[in-house]
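So the sequences go chain by chain: A and B. When the letters of the first sequence are read in order and numbered with the working numbering, they come out as residues 4 to 333. When the letters of the second sequence are read in order and numbered with the working numbering, they come out as residues 843 to 1164. Note that CB positions come from ideal geometry on N, CA and C, so glycine has one too. Quick caveat, the model's predicted, so the values are computed rather than measured.
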Amino acid sequence: MIEPLLKVRDLCVDFGANAALRGVNFDLAAGEIVGLVGESGSGKSTLARAILRLLQPVRGSVQFLGQDLLQCSGAALRARRRELQIVFQDPLASLNPRMTVGEAIGEPLQIFEPKLTARARQLQVDAMLERVGLASAMAGRYPHEFSGGQCQRVGIARAMILRPKLLICDEVVSSLDMSIQGQIVNLLIDLQREAAMAVLFISHNLAVVRHLSQRVMVIYLGKLVEIAPCDALFAAPKHPYTRALLAAVPQLPSVIAAPAAPAAPAVPVLPAEPIQQARLMASGCAYRDRCPFVLPLCETTEPPLIEVGTGHWAACHRSQETLIPLSFAS
Amino acid sequence: MTPTLSIDDLRIAFSHRAGSVEAVDRVSLQIAPSECVGIVGESGSGKTQVFMAAMGLLAGNARATGSVRFEGRELLGADRAALNRVRGSKLTMIPQDPMTSLTPHLKIGIQLAEVMVAHLGKTWSDARSSAGRMLERVHVPEPKRRLNQYPHELSGGMRQRVMIAMSLLCEPSLVIADEPTTALDVTIQAQIIELLRAVRGEFGMALALISHDLAVVAGLADRILVMYAGRIVEAAAAGALFRRPRHPYTAELLKCVPSISGPRSARLPTLAGQPPRPGEVLEACPFAPRCSRAAERCRVERPQLGGPAGAQVACHFPVSDD
Chain A
4 MIEPLLKVRD LCVDFGANAA LRGVNFDLAA GEIVGLVGES GSGKSTLARA
54 ILRLLQPVRG SVQFLGQDLL QCSGAALRAR RRELQIVFQD PLASLNPRMT
104 VGEAIGEPLQ IFEPKLTARA RQLQVDAMLE RVGLASAMAG RYPHEFSGGQ
154 CQRVGIARAM ILRPKLLICD EVVSSLDMSI QGQIVNLLID LQREAAMAVL
204 FISHNLAVVR HLSQRVMVIY LGKLVEIAPC DALFAAPKHP YTRALLAAVP
254 QLPSVIAAPA APAAPAVPVL PAEPIQQARL MASGCAYRDR CPFVLPLCET
304 TEPPLIEVGT GHWAACHRSQ ETLIPLSFAS
Chain B
843 MTPTLSIDDL RIAFSHRAGS VEAVDRVSLQ IAPSECVGIV GESGSGKTQV
893 FMAAMGLLAG NARATGSVRF EGRELLGADR AALNRVRGSK LTMIPQDPMT
943 SLTPHLKIGI QLAEVMVAHL GKTWSDARSS AGRMLERVHV PEPKRRLNQY
993 PHELSGGMRQ RVMIAMSLLC EPSLVIADEP TTALDVTIQA QIIELLRAVR
1043 GEFGMALALI SHDLAVVAGL ADRILVMYAG RIVEAAAAGA LFRRPRHPYT
1093 AELLKCVPSI SGPRSARLPT LAGQPPRPGE VLEACPFAPR CSRAAERCRV
1143 ERPQLGGPAG AQVACHFPVS DD
C-alpha cells in the first residue's frame, strides 16, 4: 500500500476545559480531494489549524510525508509548511490591505526562495495571476479594488505559488455569491488536477462538497462521525447527523419534487443547536440529544467509528440497520 | 386594496468625485399585505439598495428619485420624524449579520425593550416582559436568561432569532429580511427559514426576502423578482419561475444551485463573466455580454420589463419562447 500523504492519528485539541477535537483519525492520499463537513463549532477549522500547527494539539500525531509535524520545530517545520498551504474563508480579511496583490502572491516566494531575482519572481506571480483567472496587469492593485470572488482567486494564487502538496480550503466559497461559488470550485478542481496536489475542502454545505470531493468526512463536536467515498455518502448516509446535514441543504422545488432523488432522506430540520462543549458528557454519543433515532445504549456508550461498507466508516450504534425509516417528515 | 409597499420608478445614484454611479435604475414593484416576495440577484445588483431607500437608510452620497409608498404614505424624501414613525415598528428589517446589528455592550433585553418603549410608549418593565414573550415565540430557549445576556454570549443562529424577535415586536406590516441566513450554517439556515415561515403564518405580515440564493427563496416566496445590474429583469410567481424561467439570467442562476442528488458533474455549472461594473453606461441589455442567446439587437437596444402582470421579463429573446 502506498504511504498516504497525510496521516492524522488520535488528534486532540483543547481550548481550556473544552475539547475541540477528540481523537481524530484519518488518512489523505496524495492528489486526493477530501471534503470535511460540519456545523460551526464542530472543529473543522480547528482541525485545519492543528494540521498546519497553527495551534498546539494536546495529543496525537500529524504525519506528513512520514514526518510528524507535531514533533518538528524551527527550520524543519518551516520547510514542511511550504508544502502545506491554506486558503481562508474571508478573502478580503486574509489579505494585507497595504500590500498589492502582486506583493501578496510573491511574498511566499520571497520567504522560501530568497535567491530568486525580483524579475523571476514577478514572472511567476504574473503567470499565477493568469492561472487563477486574473489579468497579470492587476498585480499592482490593492485588495479593496477586487470583488469577493477575485480576492478569493488571489488567496488561492498565494497558496498555490509554492506548489504545495496539500491545500486546505477553509470555507472558501461560503461568503461568495452562488454564481461565483461554482467558478471558484471549478478553479480548485482544475488546479488540483494540474498540480496533483491533495485538497482538504472544508465546508458546511454538503451540496458544494459533493461536486469536488472523492471522499467526504463528517465532523460533529470534535469527532469524525462518518467517512465515506463521496457517492456512497450521498446515496446511503449512515450517520443520522449526515442525513440531517443533507436535509438542511436548501434545494430548488424541481429537485425536491423529483421522486427519483435518492439522496435526500426526509429528516426534519435539526431541532436544536449542538450542546455546549462544556456540557459534553464523558460517556455516550455526543449527538444523542439531537438524534431522532436515539437508543438507551447511546446514553451510556459512545459509538466507535466502524467500517460499514468499503471505505465507508460511521460512528453510530444503528449504522448497520437498514430499517431506520428514511422518511418520517409527515 | 392598498399595497403594503409600492415602489415606482425608483432610481438611486451615488455621487463620487469622478461623477455619479447609478445603482438602481427605474425599479417598480409592489408587495401586497401578507405576501412574501423574494428578491434575488448577485452582489451589486441593487437588491439591498432598493430597500435601504424604503427605510431611509441610503448612504449620504446617494440620491434617490421616484416614489416609495408604505401603506400609502410616501417615504422617499420624508423627514426623520415621519420615517421614525414607521421604521422599526411597522416596517422592520432583519439584517444579514446579526452580530454587527446588535449593540455589543447592551443586554438583549434592553435592546428589545427599547423598541417598544420608543414606538409603543410601554414602560420598561412592561416592554421587558413582552420581550421575553417574543423570544419564546421565536423559540429561543430559556428566554428569561437571554434577556440578561450580551450579544456575544449567543450563537449566530440565536442572535438571528433575536433579530427576528425584534422585527416583530410592534406587529409590523412588512419585514425586510436581507440575506437573513447567508452568514449561517446550513442547519441553522434551515431552522431560520422554518422560523420565518412560521412567523409569517402567525403574524400575517408581508415579507421581502432578499438573497443571492434562489434555493433559500424557493422555500418561502410567493413571488420572485430577479434583479440584475440595478434593474428587475424578471418578475414571476415562484412556481412558474422555477418551472419555466423566462430570462436567460434566471435560467443560468437556477443551474448554478448545486444539487445534493442526481448526476454529479465533473464541474459545477457557472455563470461566465462578471456583472457590469456599477456606472457603466449601457444602452444595451446589461446581461448581453454573458448571455448565450444574445443577438445584435441585445447589444443596441435595452429590453424593457414587459408582459402580463405576474409574468414579466426584460429580454428580447426570452427562454421558452422557442
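Check, Outcome
"Spatial neighbours of Gly2 of chain A in its chain, beta-carbon cut-off 8 angstroms, leaving aside the 5 residues before and after", "Nothing can be reported for residue 2 of chain A, as the shown portion of chain A is limited to 4 through 333."
"Beta carbon proximity, Met163 of chain A to chain B, threshold 8 angstroms", "no"
"C-beta neighbour in chain B for Ala281 of chain A, strict 8 angstroms", "Since pLDDT at Ala281 of chain A reaches only 41, below the 50 mark, its modelled position is unreliable, and no value is offered."
"Bridge partners - Arg1065 of chain B, DSSP secondary structure assignment", "B:Val879 and B:Ala1079"
"Cutoff 8 angstroms: Ile159 of chain A Cβ touching any chain B Cβ", "no"
"Helix, strand or coil at Asp921 of chain B [DSSP, three-state]", "coil"
"Boundaries of the beta strand (DSSP E) in which Cys172 of chain A is found, first to last residue", "Leu169 to Asp173"
"Pro271 of chain A, buried or exposed, once every other Cβ within 10 Å from all chains shown has been counted against 16", "Because Pro271 of chain A sits at a pLDDT of 48, beneath the cut-off of 50, its placement in the model cannot be relied upon, and the point is left open."
"Members of the region 1110–1127 of chain B that neighbour chain A once the beta carbon cut-off is set at 7 angstroms", "Leu1110, Pro1111, Thr1112 and Leu1113"
"One or two residues paired with Gly861 of chain B in a DSSP bridge", "B:His858"
"Simplified DSSP assignment, three categories, for Pro268 of chain A", "For Pro268 of chain A, the predicted structure reports a pLDDT of 37, less than 50, and the residue's modelled location is therefore unreliable. A value from the coordinates is still provided. If DSSP states are grouped into helix, strand and coil, Pro268 of chain A belongs with coil."
"Between the CA atoms of Ser1015 of chain B and Cys233 of chain A - distance to the nearest angstrom", "46 angstroms"
"Under the three-state DSSP convention, the category Gly908 of chain B falls into", "strand"
"For Met102 of chain A and Thr304 of chain A, the rounded distance between their alpha carbons", "53 angstroms"
"Per-residue contacts from Pro334 of chain A into chain B (C-beta, under 7 angstroms)", "This structure gives no information on residue 334 of chain A, because the portion of chain A shown stretches from 4 to 333."
"First and last residue of the uninterrupted beta strand (DSSP E) at Ala1019 of chain B", "Leu1016 to Asp1020"
"Proximity to Ala33 of chain A [Cα-Cα], best of A:Glu6, A:Ile192, A:Leu249 and A:Leu73", "A:Glu6"
"Best match in B:Ala1130, B:Glu1076, B:Gly1072 and B:Leu944 for proximity to Arg1065 of chain B [C-alpha to C-alpha]", "B:Glu1076"
"Reference Glu995 of chain B, options B:Tyr1070, B:Pro1022 and B:Lys949, closest by Cα", "B:Lys949"
"Cutoff 7 angstroms; reference Ala107 of chain A; Cβ partners in own chain excluding five residues on either side", "Leu98, Asn99, Val157 and Arg161"
"Buried versus exposed, by CB contacts within 10 Å (16 or more), Glu1044 of chain B", "exposed"
"Neighbourhood of Leu852 of chain B by C-beta, 8 angstroms cutoff - its chain only, sequence neighbours within 5 removed", "Val866, Arg868, Val869, Ser870, Val892, Ala895, Ala906, Thr907, Gly908, Ser909, Val910 and Leu918"
"Alpha carbon of Leu944 of chain B to alpha carbon of Ala973 of chain B, nearest angstrom", "15 angstroms"
"Minimum Cβ-Cβ distance from Ser943 of chain B to chain A less than 8 angstroms", "no"
"Cβ pair Gln938 of chain B, Pro1022 of chain B closer than 8 angstroms", "yes"
"Minimum Cβ-Cβ distance from Ile1066 of chain B to chain A less than 8 angstroms", "no"
"Validate contact between the region 1019–1036 of chain B and the region 960–975 of chain B using beta carbons, cut 8 angstroms, 3 pairs", "no"
"Chain-ordered chain B contacts of Asn189 of chain A [CB-CB under 7 angstroms]", "Arg1109, Leu1110 and Thr1112"
"Rounded separation between Ala855 of chain B and Gly898 of chain B - CA only", "14 angstroms"
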